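The structure appears below as structure tokens.
There are 2 protein chains.
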Amino acid sequence: MFSKATEYALRATIYIAQKSSITNKLSLAEIANAIDSPPSFTAKILQLLTKDNCVINSVRGPNGGFYITDKAKQLQLRKVLEALNENDMFDKCILGLKKCSENKPCPMHFQYKPIKQQLIHLFHVNTIQQLAEKTDHRNLFNNDI
Amino acid sequence: MFSKATEYALRATIYIAQKSSITNKLSLAEIANAIDSPPSFTAKILQLLTKDNCVINSVRGPNGGFYITDKAKQLQLRKVLEALNENDMFDKCILGLKKCSENKPCPMHFQYKPIKQQLIHLFHVNTIQQLAEKTDHRNLFNNDI
DNA sequence: ATAATTAAAGACAAAATTACCCTTAATTAT
DNA sequence: ATAATTAAGGGTAATTTTGTCTTTAATTAT
Ligand code: FES
Ligand code: FES
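Respectively, the protein sequence lines represent chains A and B.
Residue 85 in our numbering sits at position 85 of the first sequence, with consecutive numbering throughout.
Residue 77 in our numbering sits at position 77 of the second sequence, with consecutive numbering throughout.
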């Protein structure tokens, strides 16, 4: 469905929303370990999310790390997709036509349309905070049994 | 959503179902042109679909090409995903966890679940033929305005 | 039989994605 | 001020996906 980069971005954002605060920043190492992602690659993705402090914030130096503000927690989850440039994901034709349109619909268009809208809705109605509250803090992403 | 390979496979299958018959086989060149895909790459994908004649059939030599039997037209669209090894697409966790399960659901699991089921349903209930009938023959995949 | 045509098969190349490493800059603690 | 810590940034490497090309095999038409 999503690229690895986007998966890591979503997991990292939710994790940071669960565990961080302005007084308790999370290091790259902790985040990457918690969400089971390659640290260096995760660093790049976190940079995208901190660009213009659009989703998360970061501070360098001792006791530095990543955190998210209460305000940013109220952002739609869609903002994460935007930061990864994968926000147009759900505008696309499921069969890969250059343009998904009602005028020249592909054979799957009208059946896919309501599903597509639910996917868009999913990332629109949920705020980062709401997602963060959905699972208990302990073993959020450790389901690798 | 899908890989290029899968997109081409779906488009090619639907196109072949629309235009081919045992007496009117379609050449690689015609198919690739019609569905707007790179010919050589499309050749590889058509090979996957003809493997064990699971979805489409092919004949070499003059007046050879690709076609689909009436029987195969009754196959679920899901068979195309299977041939491309992308059938497990909708079993996966939307956040990329190794396992999508009810026991250890990710924060999006229960909201994503009904959408996932509709996606699965989409590829289960539609036969290749049904999709082929959904659009007129002329400019099926030429929506590149 | 021979030549022409078409897909199959394999090797290869390009591009994109994913991942890693090293240096730099910022911040903090001492 | 100095040293330690941490993210930022740049370059590069590995892997996967996408795309190309050439040869081979099968089939048909002559
Ligand atoms: S045209 Fe294919 S999904 Fe809209
Ligand atoms: S566990 Fe994430 S979608 Fe089911």
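Virtual Cβ for every residue (Gly too), placed ideally from N, Cα, C.
What you are looking at is a predicted structure, and each value in this text was computed from that prediction instead of being measured.
Identify the contact partners of residue i in chain B, using a Cβ-Cβ distance below 7 Å as the criterion.
| i | result |
| --- | --- |
| A/LEU10 | LEU95 |
| A/GLN118 | ILE115 |
| A/ILE14 | PRO107 |
| A/GLU7 | LEU95, GLY96 |
Closer than 8 Å by C-beta to residue i: which residues in its own chain qualify, once you throw out the five before and the five after it? Chain order, please.
| i | result |
| --- | --- |
| B/LEU28 | PRO39, THR42, ALA43, LEU46, GLY65, PHE66 |
| A/LYS147 | Nothing about residue 147 of chain A can be read from this structure; chain A reaches only from 1 to 145. |
Check the Cβ of residue i against every Cβ in chain A and list those closer than 8 Å, keeping chain order.
| i | result |
| --- | --- |
| B/TYR176 | Because chain B in this structure spans residues 1 to 145, residue 176 of chain B falls outside the shown range and cannot be described. |
| B/LEU131 | PRO107, MET108 |
| B/THR135 | PRO105, CYS106, PRO107 |
| B/LYS19 | Those within 8 Å of B/LYS19 in chain A number zero; the least Cβ separation is about 13 Å. |
| B/LYS92 | MET1 |
Looking at residue i and ligand 2, is the gap between the Cβ and the nearest heavy atom below 8 Å?
| i | result |
| --- | --- |
| B/LYS113 | yes |
| A/LYS71 | no |
| B/SER27 | no |
| B/SER101 | yes |
| B/ILE120 | no |
Using C-beta distances below 6 Å, list every residue in its chain close to residue i, excluding the 5 sequence neighbours before and after it, in chain order.
| i | result |
| --- | --- |
| A/ASP144 | Residue placement at A/ASP144 cannot be trusted, given a pLDDT of 41 that sits under 50; the coordinates are not used to answer. |
| B/ILE14 | LEU131, ALA132 |
| A/ALA12 | ILE31, ILE35 |
| A/TYR8 | SER37, THR42, ILE45 |
| A/PRO114 | none |
Take residue i and list the residues in its own chain whose beta-carbon comes closer than 7 Å to its own, dropping the five residues that flank it on each side.
| i | result |
| --- | --- |
| A/LEU119 | PHE90 |
| A/GLN129 | ALA17, LYS73, GLN74 |
Interface residues of chain B around residue i at Cβ under 8 Å?
| i | result |
| --- | --- |
| A/PHE127 | This sequence places Thr at residue 127 of chain A; Phe is not what is there. Chain B residues near A/THR127: none, gap ~12 Å exceeds 8 Å. |
| A/GLU82 | Chain B residues near A/GLU82: none, gap ~17 Å exceeds 8 Å. |
| A/LYS4 | GLY96 |
Does ligand 1 have a heavy atom nearer than 8 Å to the CB of residue i?
| i | result |
| --- | --- |
| A/LEU97 | yes |
| A/ILE22 | no |
| A/HIS109 | yes |
List, in order along the chain, the chain A residues whose C-beta lies closer than 9 Å to that of residue i?
| i | result |
| --- | --- |
| B/LEU49 | None at all; the shortest Cβ gap to chain A is about 15 Å. |
Exercise for the section: Name, going along the chain, the residues of the region 22 to 46 of chain A whose beta-carbon falls closer than 7 Å to a beta-carbon of chain B. Expected result: none
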